[in-house]
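> In the numbering used here, the protein residues as written are 5 to 551.
Where is the CB? At the ideal position from N, CA and C, for every residue including glycine.
Predicted, not measured: the structure shown is a model, and the values here were computed from it.
Structure below; questions to follow.
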């Protein structure tokens with residue numbers, strides 16, 4: 005067999021189900037090897053879409069998603085999705101074709117040093133230059149990609165190496181055992197929690213990666229400690245739980261800011277600084293912090309833990325719970341704060357304005373989605389509203405990119421989600437700007453039979469940037485554009501297209517779209533004047549004094 009065939013056998017050994025990508029002249033041998041493989045190759049319409057699909061596959065399954073491109077422009081197109089996976093903590097293996105090693109020393113058609121180019125956006129990368137090294141390289145790539153904190157790796161395969169005769173076989177998989185926290189750190193954490201008057205849990209995406217939802221919920225319930233989640237930590241504790249204070253992470257003050265103002269101990273569980281900078285919630289570095297995670301804390305002047313509990317999160321929480329001594333009922337302030345947050349959420353439940361307010365769109369979206377159904381958010385003003393108003397019962401049922409935060413992720417991400425969970429309802433929520441960045445992947449979705457719904461917040465511009473411009477300068481510039489007729493666009497591709505023309509239309513339209521056997525697109529006009537009202541509300545926010 006040749007190197008490309010050995011590479012594919014190694015990918016099969018890693019349990020790879022799908023490879024997302026585009027065919028190219030320099031990856032012909034890999035594609036030929038895939039023809040007889042158990043791995044399904046999904047031909048996408050753009051390499052960025054392929055990388056986003058692999059990104060979301062990795063985030064939802066914990067197994068590295070795989071994407072493939074050719075060299076040069078194919079590889080540069082791949083980079084945005086690779087970077088997104090790396091900063092969002094999603095395991096991903098990117099494979100690129102490359103010119104032969106015999107012409108890398110000269111100026112050569114489409115040649116770029118891809119190992120150098122991918123180095124800043126991956127955990128590790130390399131080029132295969134000896135066919136016999138292929139099994140070691142593939143095994144190392146998957147082990148690194150999937151180890152905590154997960155991320156992206158890159159393998160570059162020159163075309164002349166790909167066709168060389170190769171000897172070898174896939175290596176045995178061994179990704180290591182769990183590690184457990186030191187006893188002294190558990191004791192110190194339990195002591196600090198027992199002595200705190202107003203502790204607050206902040207839970208992040210690391211708790212989802214560690215499958216620690218049950219342990220977090222039990223820990224918070226038995227110790228009567230309120231819980232806020234980051235954008236990427238939604239669903240770790242059910243939003244209906246009486247101690248759930250919902251999401252933290254807006255770049256401006258909100259109700260949840262009051263809890264951080266008045267806490268005397270933050271218990272950060274599976275929290276990544278990239279999700280929400282500690283300078284936003286602990287600017288002076290004065291709040292004591294307990295860091296509980298699979299890896300040690302990042303260095304930041306606003307995030308210096310008094311205790312670091314490093315090891316398996318569920319085990320650490322159970323051990324601390326056995327040692328901590330906290331009595332009494334949940335703090336009445338936390339209960340009142342939860343009531344204020346819920347009242348804000350319910351305020352627009354019956355609003356009939358049109359264009360529809362973002363709070364109302366998301367409220368209605370929550371009504372039609374079951375506890376295990378999945379919403380994939382694109383990036384834009386709507387992401388802020390989803391983070392604030394779309395609440396979850398289960399982990400990984402609202403996917404928000406908040407590390408790299410790349411526009412265009414929702415549609416390819418929804419395709420991957422539907423592949424992983426074909427029986428669940430999946431909705432990609434996007435702005436009109438993000439929609440036009442990867443809408444071509446709706447053809448891919450139709451071709452591979454993934455029937456999800458795309459809900460477009462249509463405002464004719466880059467709404468998030470307009471919001472920020474108004475906050476900084478009092479006016480906006482260079483953010484408006486025109487759109488195609490999204491309904492006709494969908495229909496021209498063989499999809500279902502719908503246009504919402506009143507507030508009462510939204511729920512029945514969503515229900516109808518979710519029943520279709522092909523992908524559907526819903527065009528919904530949004531009233532983004534609410535962005536500026538939220539900014540004003542944040543400026544007027546005053547916190548009650550903790551009694």
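Could you have a look at residue 229 and say whether DSSP puts it in helix, strand or coil?
As a working mapping, residue 229 is identified with position 225 in the chain shown. Residue 229 falls in the coil class under three-state DSSP.
> Would you mind working out which of 92, 371, 492 sits nearest residue 515, comparing C-alpha positions?
Position 511 of the chain shown, counted from the first residue, corresponds to residue 515. Considering only alpha carbons, the answer is 371.
> Between which residues of its own chain and residue 360 is the CB-CB distance below 8 Å, once the five residues before and five after are set aside?
Within the chain shown, residue 360 is the residue found at index 356, counting from 1. So the list reads 504, 507, 510, 528, 529, 530, 531, once near-sequence residues are dropped.
> Only counting the same chain, and skipping five residues up and downstream in sequence, which positions put a Cβ closer than 8 Å to that of residue 551?
Within the chain shown, numbered from 1, the residue matching residue 551 stands at position 547. For residue 551, the predicted structure reports a pLDDT of 46, less than 50, and the residue's modelled location is therefore unreliable. The matter cannot be settled from this model.
> Please check the pair residue 415 and residue 445, which I expect to be a contact at CB under 8 Å, by giving their CB distance rounded to whole angstroms.
On the chain shown, residue 415 is found 411 positions in, with the first residue counted as 1. On the chain shown, residue 445 is found 441 positions in, with the first residue counted as 1. Rounded, the Cβ-Cβ distance is 5 Å, consistent with contact.
> Can you give me the C-alpha to C-alpha distance between residue 155 and residue 407, rounded to a whole angstrom?
To locate residue 155, count along the chain shown from 1; it is residue 151. To locate residue 407, count along the chain shown from 1; it is residue 403. Answer to the nearest angstrom: the Cα atoms are 11 Å apart.
> Look at residue 69 and residue 96 and say whether their C-beta atoms are less than 7 Å apart.
Working through the chain shown from its first residue, we reach residue 69 at position 65. Working through the chain shown from its first residue, we reach residue 96 at position 92. Yes; because the gap between Cβ atoms is below 7 Å, this pair is in contact.
> Give a yes or no on contact between the region 102 to 115 and the region 82 to 91, applying the rule of three or more CB pairs nearer than 8 Å.
no
> Taking the C-alpha atoms as reference points, what is the distance between residue 36 and residue 65?
For the purposes of this step, residue 36 is identified with residue 32 of the chain shown, where counting begins at 1. For the purposes of this step, residue 65 is identified with residue 61 of the chain shown, where counting begins at 1. Taking the straight line joining both Cα atoms gives about 27 Å.
> I need the DSSP call for residue 108, collapsed to helix, strand or coil.
Here residue 108 refers to the residue found at position 104 when the chain shown is read from its first residue. Reduced to three states, the DSSP call for residue 108 is coil.
> Taking one C-beta from the region 252 to 271 and one from the region 422 to 437 each time, how about it: are there three or more such pairs within less than 8 Å?
no
> Here's a check: name, in chain order, each residue in its chain whose Cβ is nearer than 6 Å to the Cβ of residue 51, leaving out the five neighbours to either side.
Indexing the chain shown from 1 puts residue 51 at position 47. If the five residues before and after residue 51 are omitted, its C-beta is found closer than 6 Å to the C-beta atoms of 26, 73, 78, 81, 82, all from its own chain and listed in chain order.
> What are the partner residues of residue 202, as DSSP defines its beta bridges?
For this step, residue 202 is matched to residue 198 along the chain shown. Residue 202 pairs with nothing; no bridge assigned.
> Could you give the distance in angstroms between the alpha-carbon of residue 290 and the alpha-carbon of residue 311?
To locate residue 290, count along the chain shown from 1; it is residue 286. To locate residue 311, count along the chain shown from 1; it is residue 307. If you take the alpha carbons of residue 290 and residue 311, they lie about 14 Å apart.
> Tell me the rounded alpha-carbon separation between residue 231 and residue 271.
To locate residue 231, count along the chain shown from 1; it is residue 227. To locate residue 271, count along the chain shown from 1; it is residue 267. If you take the alpha carbons of residue 231 and residue 271, they lie about 9 Å apart.
> Could you check what DSSP says for residue 26 in three-state terms: helix, strand or coil?
As a first step, residue 26 is located in the chain shown; it is residue number 22 there, counting from the start. Coil.
> Helix, strand or coil for residue 447, going by three-state DSSP, please let me know.
Here residue 447 refers to the residue found at position 443 when the chain shown is read from its first residue. Residue 447: helix per DSSP, three-state reduction.
> In the region 130 to 182, which residue ranges form an unbroken beta strand (DSSP E) of at least 3 residues, counting only runs that do not cross its ends?
Here the runs fully enclosed are 156 to 162.
> DSSP on residue 461, reduced to helix/strand/coil?
As a working note, residue 461 is residue 457 in the chain shown. Here residue 461 sits in strand by DSSP.
> Assign residue 519 to buried or exposed, taking buried as 16 or more other Cβ atoms, counted over all protein chains shown, within 10 Å of its Cβ.
In the chain shown, residue 519 corresponds to position 515, counting from 1. Exposed is the call here.
> How is residue 312 classed by DSSP in three states: helix, strand or coil?
Within the chain shown, the letter at position 308 stands for residue 312. Looking at residue 312 - three-state DSSP - the assignment turns out to be strand.
> So, with DSSP's three-state summary, where would you put residue 262?
Stepping through the chain shown from its first residue, residue 262 is reached at position 258. Residue 262: helix per DSSP, three-state reduction.
> Comparing C-alpha positions only, which one of 358, 367, 357, 356 sits nearest to residue 347?
Taking the chain shown and counting its residues from 1, one reaches residue 347 at position 343. Closest option to residue 347, Cα to Cα, is 367.
> Alpha carbon to alpha carbon, how far is residue 147 from residue 107? Give it in angstroms, no decimals.
Position 103 of the chain shown holds residue 107. Position 143 of the chain shown holds residue 147. So the alpha carbons of these two residues sit roughly 31 Å apart.
> Put residue 363 into one of helix, strand or coil per three-state DSSP.
Taking the first residue of the chain shown as 1, we reach residue 363 at position 359. Secondary structure at residue 363: helix, using DSSP grouped into helix, strand and coil.
> Evaluate residue 451 with the Cβ neighbour count: other Cβ atoms within 10 Å of its Cβ, from every protein chain shown; 16 or more gives buried, anything less gives exposed.
Taking the first residue of the chain shown as position 1, residue 451 is located at position 447. Residue 451 is exposed by the Cβ-count criterion.
> Give me, in chain order, the residues of the same chain whose beta-carbon lies closer than 6 Å to that of residue 292; leave out the 5 immediate sequence neighbours on both sides.
Within the chain shown, the letter at position 288 stands for residue 292. Cβ within range, chain order: 269, 310.
> Confirm, please, whether the CB-CB distance from residue 539 to residue 475 is below 7 Å.
By one-based count along the chain shown, residue 475 stands at place 471. By one-based count along the chain shown, residue 539 stands at place 535. Cβ distance < 7 Å, so residue 475 and residue 539 count as in contact.
> To the nearest angstrom, how far is the alpha carbon of residue 226 from that of residue 153?
Sequence index remark: in the chain shown, residue 226 carries index 222 (1-based). Sequence index remark: in the chain shown, residue 153 carries index 149 (1-based). Going by the C-alpha atoms only, they are around 29 Å apart.
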